[in-house]
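Numbering (the working numbering), first residue to last: 504 to 563.
Working notes for the structure below.
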């Protein structure tokens, strides 16, 4: 687990990202962020969470 994820849970900050790198364990990353109290949101009318290099995936 990246130390960046721990920092996101400790520091009051807003981060805008293009998505998670597709080589990472996306479900585990999203679960970890949730346990740290980090809100994860998508833009627009979708519930899909984008990968870094793809527009959509099976996680939503």
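Ideal placement from N, C-alpha and C gives every residue a C-beta, glycine not left out.
Quick caveat: nothing in here was measured; it's all calculated off a predicted structure.
The beta-carbon separation of residue 523 and residue 532, rounded to 6 Å, stays under the 8 Å limit for a contact.
Closest in C-alpha terms to residue 506, from the list 530, 536, 548, comes 536. Within the same chain, Cβ atoms closer than 6 Å to the Cβ of residue 553 are found at 522, the five residues on either side in sequence being excluded. Just measuring C-alpha positions, the residue of 548, 525, 544, 530 sitting nearest residue 518 is 544.
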